[in-house]
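Trainee: Let me begin by handing over the structure; questions about it come next.
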Amino acid sequence: MPRILPDVLKNLFRKPATTKYPRERRELPENFRGKPIVDKEKCISCGLCAKGCPDGAITLDEKTKKPRIWLGLCISCAWCAETCPRKAITMTKEFELATYDKNKAISK
Amino acid sequence: MIETLVYIFAYFVFPGILFASAVGLLFMGIDRKITGHMQNRIGPPIWQEFLDVGKLFCKEDVTPAAANSFVFNCAPLLCYGALIAVMLLLPINSAQPVLTSVADLIVIIYLLNIPAVCMILAGYASGCPFGTTGSSRYVVQLFGYELAFIIAAMAVAAKAGWSLSLSSIVAYQAQNGWMAFQVALIPAAIAILIAIQGKLLRVPFDIPEAESEIVHGPQTEYSGPKLAILRIAYDIELFVVAAVIVILFFGGPVPHTIGGVYIPGIVSFLIKCFGIVVLSTLIRNIAARLRIDQALKFFWTFPTLLAAISLILVVVI
Amino acid sequence: MKAEDVVKLVKKQITDVKIPNERRVFATVDKKNYKETLLTLKSNDITHLSTITGVDTGEQIVVIYHLDCGDGVMLSLKVPLPKNDPRLQTVTDVFPGAILYERDLMDMLGVKVEGHPDPRRIFLPEDWPAGKYPLRKEEAPKKEEAKK
Amino acid sequence: MTFIVPIGPQHPALEEPEHFRIEVKGEEVVDVDFRLGYVHRGIEKELCNRTYAHGLFLSQRVCGICDDAHSSAFTRAVEAVAGIECPSRARYVRTIGIELERIHSHLLWAGIAAHEIGFTTLFMLFWRDRELALDLRELLFGQRIMSGEMVLGGVRRDITPDKVPKILRNLDALEKSTKHYINVCTSDRTVIARCANVGVLTRQAARELCAVGPTARASGIDEDVRRDDPYAAYDEIPFKVITERDGDVFAKVVVRLREILESIHIIRHALDAMPKGALATRFPKKVAPNEAVGRVEAPRGELFYYVLSNGSDKPERVRIRTPSYANFPTIKPMLVGSTIAEVPIVLASIDPCFSCTDRITVVDARTGKSRIVTKEELRRLQK
């Protein structure tokens, strides 16, 4: 008698482990690293984040000198969030970043 | 004139194309849903098979250059036609099948083999190495399970007074109880249930279509409507083979009255078929796929022996 | 097999031995007798060749054989080769596992390994230009293309 | 007449692109020749072009599954080059990260192996329980796979005491289900039929071809970098190295599943023996010219890094030799003589990680003649 049989029959009455993803969402732990966002007021445009970013995804805006993160290159390693002296950059819980428009893939 | 109209209605609607396809696809959908829950996941909705087949019909129809196009194109149709023919010859809602006194057990067994032969031809004709490997495996497996299947069917025919016609078998079972409960025929019932696991290419024996080794075996090169027809044919085969087993072993379309509620023949027939499909799904979910040589060795020893024992028991006693 | 007695084994052939910590030994051996060194090591049942590294130091190509000599001691044998014509005998007869690392050397650094059983190109595409070797010094990496 | 069954580069059994040409006589495999290089990204050249801190993020992405292994090997090599010693609390957090990754990597492999032999239920159950380990990594390090936990000289995020109960709860559930799976795999007749004495790698062949990791340990070679050459906190944590004798696919399944139990044991021990202390030390920008070897026991075997520094803030040469690269020659002795049905399960049994290998790839060909089968020849052979 295969030992997996009781397992399979019990599964029939157990709650399925999978969820209907787009409709039901799983809550994420608090230090989840998703899309980085920049808080313009706190930022003193020191440029540390742009130097520290491993992929060079952060460039300083010409006029406002505030960081602009291109999500195409960003690997959400939260290195900028750590090295920022004013903690201006924080990691959100957002991970669905697919867009059709390249210009939208920038975290202002 | 009325006779041909009845026949046309029977062919296209009731036990024919519409009914068989709908029930087959529904059974397969429920089968996938149960498999999902057995693997602790939600699984697709029950009507998923209809959606899949519908999508496939809208897809482009491709015939590979290297394929032998005539055989490649007409294999699915032949396979589908044979199964619908079997549906007409089975006593579904009453002891009399649609085409009375034309066919008996031998024709049924022969017609049930045509889908397998078509698949083998399709595999060789598709000109892709996976197809050829899949077909050669299918031939080996065909000899494996067919032996047990035929011996078990003969045992039932012998028990029902050496008559090969299905209606007489159903009639025999109506008088003195289901065949499966006869002591002599219990080994044959077990043997045939294992044999259909091989006939329907279900997991312990889905070697011709081993998706991790040879992609989809004979059906690798199929796409679009041809693949849709093959899918419907496979689902109907699932229903038809279960139907044959119900007729041979579990009393066929016999109306019951349980607790004052009158259950018509066709409903009890469908329930019993569904029972067999669920049993096959259970076996599918608790075993890994065997190699072709192991499968052949298994088929020729265990189920064939059981079927032979019950045949001897029936003939001797 | 401690680091010191690994060094004692092949004392004669190796020069400028460095032992940074008790489980690492770096040594250089000359092109002529690197094969016997490997043979003597193999005879003292050091069979695990971790890998073969090729380093292009500008004026010469150094081929390093990294051998795991049991309980964690790692011997790295360096064989310097002239840049213009780097040539080596194969060690697949001593360490069959090296069949792949040598093909990697041939592809990436252009070191000719004679007697290799199957000197096919290993991972560069067939139509890769013959003379170019990616890990050589003169192959400068492509400039960072302009970002967004 | 032998004909060639091409498997890959796109094939349901292979989760990454590689191309195998299996020369077959009927069902029996006569010869194996594979061609890789489809995911080659030239990481070694790129590492010499980045500073050490940025190189760490790149080295993590050599392999999609074992990123902690690569970052611990890179940090071990670079810290040895720079002569930096990482604080003890960071060593414990690193050990926990590495062992959690070993658990989810082994469960991932077990699921794929079950899929290869057609046991879809086991495949689904393995991957359901893998979520327990991935949830832990998400809780502790922020992301399921690319944890980015290690930094040169220490660790970025601490394991605070309030997370410990959740870790222990998940570990208990994992232990219970892994024990159940070991019973299932060792007792199920169809699994035994498909895995026992299939793709056998004899101990002598494994030693000669320098196989590493579970592939070698399944053939009886008692080698484990965590015990022989301890790094992180492995010298302070007692654990057993698991070996089997007969070297077939079944032994590899058992070795990997029992290693999961060992990993759970290591994490529990590391959790309650974690010392207080700093998380990271400063890492100098420039590193004096030096060379060092960093070895780590990745889930698939011994991962080897060699770093040569030249005084600037960029390494002079980084050599990465991944475990799958070492295990690849062993495929030939395992496969020749078996049947096509066994090819996927034997290929999967060394748990090949082609993105790892492809940064340097490998082709093992039949000895003597080497010929490239052209497209037409393949087509003609198939007729």
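In the order they appear, the protein sequences are chains Z, X, R and D.
Residue 1 is where the first sequence starts when you use the numbering used here, and the numbers rise one by one after that.
Residue 1001 is where the second sequence starts when you use the numbering used here, and the numbers rise one by one after that.
Residue 2001 is where the third sequence starts when you use the numbering used here, and the numbers rise one by one after that.
Residue 3001 is where the fourth sequence starts when you use the numbering used here, and the numbers rise one by one after that.
Each residue gets a CB set at the ideal place from its N, CA and C atoms; glycine is no exception.
Kindly list, in the order they appear in chain X, the residues whose Cβ is closer than 8 Å to that of residue 2 of chain Z.
Mentor: Correct list: 1286 and 1287.
Trainee: Please identify the residue among X/1019, X/1141 and X/1120 whose C-alpha is closest to the C-alpha of residue 1131 of chain X.
Mentor: X/1120
Trainee: What's the C-alpha gap between residue 2952 of chain D and residue 3059 of chain D?
Mentor: Only positions 3001 to 3383 of chain D appear in this structure, which leaves residue 2952 of chain D out of reach.
Trainee: Hey, does residue 1052 of chain X have any beta-carbon neighbour from chain D nearer than 8 Å?
Mentor: no
Trainee: Between the Cα of residue 3351 of chain D and those of D/3066, D/3046 and D/3052, spot the shortest distance and give me the residue it belongs to.
Mentor: Nearest C-alpha to residue 3351 of chain D: D/3066.
Trainee: Quick one: which residues of the region 1032-1064 of chain X get their C-beta closer than 7 Å to a C-beta of chain Z? List them in chain order.
Mentor: 1037, 1038, 1039, 1040, 1041 and 1042
Trainee: Exposed or buried, what is residue 13 of chain Z when buried is set at 16 or more other beta-carbons lying within 10 Å of its beta-carbon?
Mentor: Looking at its Cβ environment, which holds fewer than 16 other Cβ atoms inside 10 Å, residue 13 of chain Z is exposed.
Trainee: Please specify which runs of the alpha helix (DSSP H), each continuous and at least 4 residues long, are wholly inside the region 3218-3279 of chain D, giving them in chain order.
Mentor: 3225-3228 and 3249-3272
Trainee: Kindly indicate which three-state DSSP category residue 1145 of chain X falls into: helix, strand or coil?
Mentor: helix
Trainee: Any C-beta of chain X sitting closer than 8 Å to the C-beta of residue 3120 of chain D?
Mentor: yes
Trainee: Is there at least one Cβ from chain D nearer than 8 Å to residue 1231 of chain X's Cβ?
Mentor: With 8 Å as the cut-off, residue 1231 of chain X does not count as an interface residue toward chain D.
Trainee: Can you tell me whether residue 107 of chain Z sits near the ligand GDP, meaning its C-beta is under 7 Å from at least one heavy atom of the ligand?
Mentor: Only the bare structure without any ligand can be found here, which leaves the ligand GDP out of the picture.
Trainee: Spell out a yes or no on whether the region 87-102 of chain Z and the region 1046-1057 of chain X are touching, meaning 3 or more CB-CB pairs, one atom from each, closer than 8 Å.
Mentor: no
Trainee: Would you decide whether residue 2043 of chain R is buried or exposed? Buried here means 16 or more other CB atoms lie within 10 Å of its CB.
Mentor: exposed
Trainee: Would residue 2063 of chain R and residue 2079 of chain R qualify as a contact pair, given that the criterion is a beta-carbon distance under 8 Å?
Mentor: In this structure, residue 2079 of chain R lies closer than 8 Å to residue 2063 of chain R by Cβ.
Trainee: Closest Cβ-Cβ distance between residue 89 of chain Z and chain D: below 8 Å?
Mentor: Residue 89 of chain Z does not count as touching chain D.
Trainee: Could you check how far apart the C-beta atoms of residue 1179 of chain X and residue 1248 of chain X are, in whole angstroms? I think they sit under 8 Å.
Mentor: Contact flag correct, Cβ pair sits at about 6 Å.
Trainee: Pull up the CB-CB distance for residue 3295 of chain D and residue 3225 of chain D, whole angstroms please, since I reckon it's below 8 Å.
Mentor: 5 Å
Trainee: Which residue's Cα is closest to the Cα of residue 3264 of chain D: D/3233, D/3168, D/3121 and D/3281?
Mentor: D/3168
Trainee: Look at the alpha carbon of residue 1125 of chain X and the alpha carbon of residue 3178 of chain D, and state the distance between them as a whole number of angstroms.
Mentor: Residue 1125 of chain X and residue 3178 of chain D have their alpha carbons spaced roughly 46 Å apart.
Trainee: Decide if residue 1317 of chain X is buried, meaning its Cβ has at least 16 other Cβ atoms within 10 Å, or exposed.
Mentor: Residue 1317 of chain X sits exposed, since fewer than 16 C-beta atoms from the chains shown fall within 10 Å of its C-beta.
Trainee: Is there a Cβ of chain D sitting closer than 8 Å to that of residue 29 of chain Z, yes or no?
Mentor: yes
Trainee: Could you tell me the distance, in whole angstroms, from the CA atom of residue 1251 of chain X to the CA atom of residue 1197 of chain X?
Mentor: 21 Å
Trainee: Consider the Cβ of residue 3234 of chain D: report whether some Cβ of chain R lies at a distance smaller than 8 Å.
Mentor: no
Trainee: Counting along the chain, where does the beta strand (DSSP E) carrying residue 3180 of chain D start and finish?
Mentor: Unbroken run through residue 3180 of chain D is the alpha helix (DSSP H), 3164-3187; no beta strand (DSSP E).
Trainee: Got a sec? Which residues, its chain only, sit under 6 Å from residue 3089 of chain D by beta carbon, not counting five neighbours each side?
Mentor: Within the same chain, and ignoring the five residues on either side of residue 3089 of chain D in sequence, the residues whose Cβ sits closer than 6 Å to its Cβ are 3275 and 3277.
Trainee: For the 8 Å Cβ check, are there 3 or more pairs between the region 1199-1215 of chain X and the region 1167-1185 of chain X?
Mentor: no
Trainee: In chain order, what residues of the same chain have a beta carbon less than 6 Å from the beta carbon of residue 1068 of chain X, not counting five sequence neighbours either side?
Mentor: 1125
Trainee: Thinking C-alpha only, which one of R/2115, R/2106, R/2052 and R/2067 is nearest residue 2123 of chain R?
Mentor: R/2106
Trainee: Establish whether the CB of residue 1135 of chain X and some CB of chain D are separated by less than 8 Å.
Mentor: Chain D has no Cβ within less than 8 Å of the Cβ of residue 1135 of chain X.
Trainee: Mind pulling the chain X residues with CB within less than 7 Å of residue 16 of chain Z?
Mentor: Those within 7 Å of residue 16 of chain Z in chain X are 1037, 1040, 1041 and 1042.
Trainee: What is the C-beta distance between residue 2055 of chain R and residue 2025 of chain R, in whole angstroms, given that I count them as a contact (C-beta under 8 Å)?
Mentor: Taking the Cβ atoms as the reference, residue 2055 of chain R lies roughly 17 Å from residue 2025 of chain R, outside the contact range of under 8 Å.
Trainee: Would you say residue 3063 of chain D lies against chain R (beta-carbon separation less than 8 Å)?
Mentor: no
Trainee: How about the region 3303-3322 of chain D and the region 3198-3210 of chain D: do they share at least three Cβ pairs that are nearer than 8 Å?
Mentor: Contact between the region 3303-3322 of chain D and the region 3198-3210 of chain D is absent, because fewer than three Cβ pairs lie under 8 Å.
Trainee: Specify the secondary structure class of residue 2078 of chain R as computed by DSSP and reduced to three states.
Mentor: strand
Trainee: Nearest CA to the CA of residue 38 of chain Z: which residue from Z/85, Z/99 and Z/101?
Mentor: Z/85
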